[in-house]
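Participant: Numbering (the numbering used here), first residue to last: 191 to 1294.
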Amino acid sequence: MVLLTLTPTAKAALQEYHKALPNLDEAALKNRDHWEKLSTAEVGTPVDHHDLLMVAKYFAAQNDETSSQSQTRRLDVLLRGAAVYQPPPPQKSEPTSEYKALMRRLRVEEEQRQYERMINPAPKTESFRQRFPGKSNTLGPFAQATAEDIDEVSFADVNRQMILIINVLISIICCSVAIWMAARRWSVPQRLGLSFSGSAIVAVAEVAIYMGYIKRIKDAKAVEAKHIEKKEILDTWIIDAKPKDSTKVVSKYISTQDMSRENFFEHDKRSVAMSAKDFHHPFVPYSIQQQFMEALYDCIDAGSVGIFESPTGTGKSLSLLCGALTWLREHKRKAFDEAIAKIEIDDDEPEWMLNHAREERRQQIHDMRAHLEARLTTIREAEKRKREQLVMSDANPKRRKEAHRVAAAEDDEEQFILDDYESDKEDSRQQSQYSTETLKMLEKLGMLPLESGKGADEEVVEETKIYFCSRTHSQLSQLTGELQRIKLPPGLPPEDKDDTTLVEELKHLTLGSRKNLCINEKVVKLPTQTAVNERCIELQQSKTSATQRCPYLPRKENEDVVLDFRDHALAKIRDIEDLADLGQRLQICPYYASRPAISAAEIVTLPYPLLLQKSAREALGISLRGHVVIIDEAHNLLSAVEGIYSAQVTDILMKRVKEALIVYLKKFRNRLKGSNRVYVAQLVRLLDSLINFTQNVQKNTLGNTIAPSVLLSGQGVDQINLAKLVRYINDSKLARKVESYAAHLAQEAQKTESHSKASSNSSTDVPTLMHVQNFLMTLMNPSKEGAFLWSMENQVVTLQYLLLNPAEHFRDIVEEARAVILAGGTMSPMDEYNQQLFPYLTDKVRTFSCGHLIPPSSLLIRTIGIDDEGRVEFTFKTRNRANFARAGRAIEKVAQEVQGGLVIFFPSYGLLDDVVRTWKEEPIMARLQNSKRVFLDSRDIAAEETFRAYSDEVRNSGTAILLSVIGGKLSEGINFSDELGRCVVVIGLPYPNLQTPDWQAKLNYLEARAASDGQPRGQSSREHAENVCMRSVNQAIGRVIRHKNDWASILLFDARYSDARIQAKLPGWIRAATTTTTASSNVTDVANALSSFFASRQRLMESA
191 MVLLTLTPTA KAALQEYHKA LPNLDEAALK NRDHWEKLST AEVGTPVDHH
241 DLLMVAKYFA AQNDETSSQS QTRRLDVLLR GAAVYQPPPP QKSEPTSEYK
291 ALMRRLRVEE EQRQYERMIN PAPKTESFRQ RFPGKSNTLG PFAQATAEDI
341 DEVSFADVNR QMILIINVLI SIICCSVAIW MAARRWSVPQ RLGLSFSGSA
391 IVAVAEVAIY MGYIKRIKDA KAVEAKHIEK KEILDTWIID AKPKDSTKVV
441 SKYISTQDMS RENFFEHDKR SVAMSAKDFH HPFVPYSIQQ QFMEALYDCI
491 DAGSVGIFES PTGTGKSLSL LCGALTWLRE HKRKAFDEAI AKIEIDDDEP
541 EWMLNHAREE RRQQIHDMRA HLEARLTTIR EAEKRKREQL VMSDANPKRR
591 KEAHRVAAAE DDEEQFILDD YESDKEDSRQ QSQYSTETLK MLEKLGMLPL
641 ESGKGADEEV VEETKIYFCS RTHSQLSQLT GELQRIKLPP GLPPEDKDDT
691 TLVEELKHLT LGSRKNLCIN EKVVKLPTQT AVNERCIELQ QSKTSATQRC
741 PYLPRKENED VVLDFRDHAL AKIRDIEDLA DLGQRLQICP YYASRPAISA
791 AEIVTLPYPL LLQKSAREAL GISLRGHVVI IDEAHNLLSA VEGIYSAQVT
841 DILMKRVKEA LIVYLKKFRN RLKGSNRVYV AQLVRLLDSL INFTQNVQKN
891 TLGNTIAPSV LLSGQGVDQI NLAKLVRYIN DSKLARKVES YAAHLAQEAQ
941 KTESHSKASS NSSTDVPTLM HVQNFLMTLM NPSKEGAFLW SMENQVVTLQ
991 YLLLNPAEHF RDIVEEARAV ILAGGTMSPM DEYNQQLFPY LTDKVRTFSC
1041 GHLIPPSSLL IRTIGIDDEG RVEFTFKTRN RANFARAGRA IEKVAQEVQG
1091 GLVIFFPSYG LLDDVVRTWK EEPIMARLQN SKRVFLDSRD IAAEETFRAY
1141 SDEVRNSGTA ILLSVIGGKL SEGINFSDEL GRCVVVIGLP YPNLQTPDWQ
1191 AKLNYLEARA ASDGQPRGQS SREHAENVCM RSVNQAIGRV IRHKNDWASI
1241 LLFDARYSDA RIQAKLPGWI RAATTTTTAS SNVTDVANAL SSFFASRQRL
1291 MESA
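Structure (structure tokens):
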């Protein structure tokens, strides 16, 4: 339906149609009132286009097409002069009482300030006439009568003129003496005459110059005086001068225990709106959101490291963006004002010249910004018109789909042959293969060459920006919608003070890998990420023919397209897929073309690997110096850093790589150059050394730490240069060529099942040789950063390098960035980050943990520590059938009171299997199944399938039980919102197995570091184990409350949860509810409290 404006022709036609209604059928008579209303409508009122169409059809059927009446009642005639009806804007709402009270207070304060200025005026500048009342004409011929358009001469001006006169006299005397000395061979009268003549000429020149200077000042003041300042009263208004009702003052401290949900949220919003900093939040922020943004703003402004915890469902991402971007825009304004204020001129220059210089610089900056904004605005308008055209044409554009990944296999074996390799060439880009401490040592010794074309002190100066990092591209894509909601004021003050444009579009850029952004069909269809990276690099090398190179790479001849891509990328907020579509449309590689846009962007979003890896930052040209780094979902940051810089390889994988290398070497031995054969042979010899170690380990132990020299004790291995060998594997693309040749052989021999398996194994994301390469790179790390260890499980020996000190690899980010913010929904316990990531920072780390949006009445937290048989603990020593049965009987009591979904988390899959086996042997499982259907999280069944079946059962029958594992797939990334998680039970504390080699190495390292700091033995290792355990618990129970209207209960089933040390590691919003609870921890009392909680919620829903 489209509403059009009524024209005189259409009105006449409607009146005639209304008169003819009695002659029409019953269907038309039913709408008689509607047609009567339209026949009396005024011109310009809205009319439905369906009504005009019906009228036109009626007259077309009643009259001959050639008649004049039929010609004047055609649809095109009726629509002529009509326009789309635009409804009038709604009337402004009445100001709220809070707004009126605020304006009344501001008005009183302004009146008080005016009164203070009236009774205590500021002292005026002392003039010359005030200082010397009788000396008004001492300035000689230059002293003129004071006019109304000329300022009084101040005492400072007199001093400046006296100094000028003295300087003129000194110039005359020095000139006279110089002429006298130069004419010493002349007679005395001649010397005197020459000296006086030269002095007179200098005096006349000085006076002429000064008179010209005075004249220019006078002219400038006269011109400026012609500009008359006009002050006009545009409007006057009074807000509630005499309020009828007295305004009630709301106390700052209000008890929320007895508040209803509506009153709780209304008071929360009202308290924020009355007096708070504006962070340009798209909605009215709640008090916890306001506190979160204020703490974030202060942390960034102070240049500190911050750890922020905000529960899921509290708008954490939007608060992060609003707080950081508000700081960024205000920081730009401060930097602009400071840059203008730093402009100075000579002391003897007039003030108008300083103002002119500052205004000129201000205009230059505004012109630069206006030029960029004009280009971006043109692009935005063009894209808007294109979208409107697509809507009008009913087009349904689809997003860019991933290219086909199936490539036709080439039979030519030339593709598997290694290129010629010069073993002595050194490439400074390979420095990143060394560890942080190794690089520092090489730099200290002066063994690190500078990059070509760059000096040691060369730095790239760019605008301050925010780097926003999260785990995956899917999480970053969700930020796109949040960024589109935020409307911020300009980063610079408007050039025109009357400009009403108070919003400046945000300049955002998202970065990704080649796999996400590549638009070359021949490259993107390769099966693995590594293959895409290597093929992309190959297509850029000089040895590649011009016809084979990638046609989308930025070059000098298509530099204008790169700039066009930059402007399009910044013109609107785009996700990674939009950026790839843009590159496809402009026929330019978005992976490389997005780099020039980094410097002009205000916020850059990127995934973990692109920020945490220094080599990735260098490849993208990212410099963090002076910028703000925000890492969202940072509860996995420690494991992410450790995972990036750790490596492992199994004996089975090494044997497979060795066999593939031998087959490859036998096939192409005669076709490889000498350097290639030497390096491949060295790699085989090194693999022999590693495999021999795995064969000689003790089979009856779990594992132990080892020294790197033990792994390299094979025959002739000590003669191998590991740095050159690793660089050769990387530069020669040996891993992909060997892997491709193995896949080629497997495709030719698919007759047997083993070959089919080999073919499937050959399509892994990372070639097997690449795992070996990563492990060899770690062998060059000093043992202080990490530890080498071996472990055995199911007769498979694994060699592993474990990073023990993630702080060293994260330190360069902290030292370069202006501020680093770690944010997440479950960051507790926060001390772990201070100890593991920031041990070198003392008072620079700030922490903030805010409460939840839900009122206290929406959450029930209890600890179950006692049952009918006594204290309950689920330690490793107490895991037996008796305790499993006790847990089952307690769950039966809890399940009877739960309405909705009941989720039970166990510490491990092994414990879950033992408990389920015991419950099945006992009648416990059967009794649970009679009241609620039970679902089991299994390693053999996909987590999505289990969660889908559980969700369907809860929504259909209203209740179900899900048995899951902490740290499993259902404990992270799955939301048990609303009825899916009305009760969550955590059985036991999920401590890791501290006897494994990796945990032993970690704990030994922590103890050694703690001993050097003078800490008691055992404290550091126990603290770390508890932190890892409680972080898993916090992540699991954080799945239950997902929004402000949600409600749930949390039961911690272990007596150890009552310990103060354990409760201190819970999130702040849970800890507050737990510490204030003095109720009994007996399972019967907890079940009764649970029953009362669900009954109160039921009454609240019925009343609503």
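Yeah, the Cβ is synthetic: ideal placement off N, Cα and C, and Gly gets one too.
These numbers come from a predicted model, not from an experiment.
Let's see if you can read the secondary structure: which residues bound the alpha helix (DSSP H) around TYR918?
Facilitator: Note, TYR918: alpha helix (DSSP H), 912 to 921.
Participant: What whole-angstrom Cβ distance do VAL818 and ILE656 have, given they're in contact under 8 Å?
Facilitator: The pair is a contact, with the Cβ atoms about 5 Å apart (cut-off 8 Å).
Participant: Classify GLU850 as buried or exposed, calling it buried when 16 or more other Cβ atoms lie within 10 Å of its own Cβ.
Facilitator: First, the residue type needs correcting, since residue 850 is Ala and not Glu in the sequence shown. So ALA850 ends up on the buried side.
Participant: Using a threshold of 9 Å, state whether the C-beta atoms of GLY1100 and ALA1133 are closer than that.
Facilitator: No, Cβ-Cβ distance for GLY1100 and ALA1133 is not below 9 Å.
Participant: Looking at C-alpha atoms only, which residue of HIS208, HIS240, ASP1033 and GLY234 is the closest neighbour of LYS227?
Facilitator: Here the closest residue by C-alpha is HIS208.
Participant: Name the two residues that bound the continuous alpha helix (DSSP H) containing HIS698.
Facilitator: Per DSSP, HIS698 belongs to no alpha helix (DSSP H); it is in the beta strand (DSSP E), 698 to 700.
Participant: List in chain order: all unbroken beta strand (DSSP E) runs of 3+ residues lying wholly within the region 985 to 1046.
Facilitator: Listed in chain order, they are 986 to 993, 1009 to 1014 and 1035 to 1039.
Participant: How many angstroms separate the CA atom of PHE978 from the CA atom of ARG926?
Facilitator: Approximately 27 Å, taken between the alpha carbons.
Participant: Here's a check: name, in chain order, each residue in its chain whose Cβ is nearer than 6 Å to the Cβ of THR670, leaving out the five neighbours to either side.
Facilitator: Here the set comprises ILE763 and ASP765.
Participant: I need the straight-line Cα distance from GLN1086 to ALA1262, nearest angstrom please.
Facilitator: Roughly 27 Å between the two C-alpha positions.
Participant: Could you have a look at ASN826 and say whether DSSP puts it in helix, strand or coil?
Facilitator: Helix.
Participant: Three-state secondary structure (DSSP) at PHE755?
Facilitator: Helix.
Participant: Output the distance between the C-alpha atoms of ALA1080 and ASP1058, rounded to the nearest integer angstrom.
Facilitator: About 9 Å.
Participant: Which residues does DSSP pair with CYS659 in a beta bridge?
Facilitator: DSSP, once it has assigned bridges, lists LEU796 and ILE821 as partnering CYS659.
Participant: Measuring alpha carbon to alpha carbon, tell me which residue in VAL1106, LEU969 and ARG875 is nearest LEU1126.
Facilitator: Checked all of VAL1106, LEU969 and ARG875; the closest Cα to LEU1126 is VAL1106.
Participant: Could you give the first and the last residue of the continuous beta strand (DSSP E) run that contains ALA837?
Facilitator: Here the beta strand (DSSP E) through ALA837 covers 837 to 840.
Participant: Examine the Cβ distances between the region 485 to 494 and the region 1000 to 1015 and report whether three or more of them are shorter than 8 Å.
Facilitator: Verdict: yes, contact present.
Participant: For the alpha helix (DSSP H) containing GLY1078, name the first residue and the last one.
Facilitator: Unbroken alpha helix (DSSP H) run through GLY1078: 1071 to 1087.
Participant: Identify whether PRO236 lies in helix, strand or coil by the three-state DSSP scheme.
Facilitator: Looking at PRO236 - three-state DSSP - the assignment turns out to be strand.
Participant: I think LYS1255 touches GLU1216, with their Cβ atoms under 8 Å apart; what is that distance to the nearest whole Å?
Facilitator: 7 Å between Cβ atoms; contact.
Participant: Taking the alpha helix (DSSP H) that ALA529 falls in, what are its first and last residues?
Facilitator: Counting along the chain, the alpha helix (DSSP H) containing ALA529 begins and ends at 506 to 531.
Participant: Where does SER1282 land, buried or exposed, given buried means 16+ other C-beta within 10 angstroms?
Facilitator: It counts as exposed.
Participant: In whole angstroms, give me the CA-to-CA distance for VAL1175 and VAL1093.
Facilitator: VAL1175 and VAL1093: Cα-Cα distance of roughly 6 Å.
Participant: Label GLN1225 either buried or exposed according to how many other C-beta atoms from any shown protein chain fall within 10 Å of its C-beta, with 16 as the threshold for buried.
Facilitator: Buried, by the Cβ-count rule.
Participant: Look at ILE1128 and THR1136 and say whether their C-beta atoms are less than 9 Å apart.
Facilitator: Per the sequence shown, the amino acid found at residue 1128 is Ser instead of Ile. Closer than 9 Å, so yes.
Participant: Rank ASN894, HIS758 and LEU1153 by C-alpha distance to the C-alpha of ALA564 and give the top, closest one.
Facilitator: Of the candidates ASN894, HIS758 and LEU1153, the one whose C-alpha sits nearest the C-alpha of ALA564 is HIS758.
Participant: Excluding the 5 residues preceding and the 5 following ILE788 in the sequence, name in chain order all residues of the same chain whose CB lies nearer than 7 Å to its CB.
Facilitator: Counting only Cβ-Cβ distances below 7 Å, and skipping sequence neighbours, we find LEU699, VAL794, GLY811 and ILE812.
Participant: Using the DSSP secondary-structure output, state which residues sit across from ALA1150 in a beta bridge.
Facilitator: ALA1150 pairs with GLY1091.
Participant: Could you have a look at ALA250 and say whether DSSP puts it in helix, strand or coil?
Facilitator: It is helical.
Participant: May I ask you to list the residues that DSSP assigns as paired with PHE1096?
Facilitator: VAL1155, per the DSSP bridge assignment.
Participant: Are the beta-carbon atoms belonging to ALA806 and THR968 less than 9 Å from one another?
Facilitator: Cβ atoms of ALA806 and THR968: not closer than 9 Å.
Participant: Would you list the residues sitting across from ASN894 in a DSSP beta bridge?
Facilitator: Looking at the DSSP assignment, ASN894 forms a beta bridge with TRP980.
Participant: By how many angstroms is the C-alpha of THR262 removed from the C-alpha of THR256?
Facilitator: Low local confidence applies: a pLDDT of 48 at THR256 is under 50, so the model's placement there is unreliable, with the coordinate-based value given in what follows. Going from the Cα of THR256 to the Cα of THR262 covers about 11 Å.
Participant: Verify whether the separation of the beta carbon atoms of ILE362 and ARG381 is less than 9 Å.
Facilitator: Not closer than 9 Å, so no.
Participant: May I have a chain-ordered list of the alpha helix (DSSP H) segments no shorter than 4 residues that lie completely inside the region 1205 to 1282?
Facilitator: Counting only runs of 4 or more, we get 1209 to 1227, 1250 to 1253 and 1258 to 1265.
Participant: CB-CB under 6 Å to LEU204, same chain, minus the five flanking residues each way: which ones, in chain order?
Facilitator: Hits under 6 Å: LEU228 and SER229.
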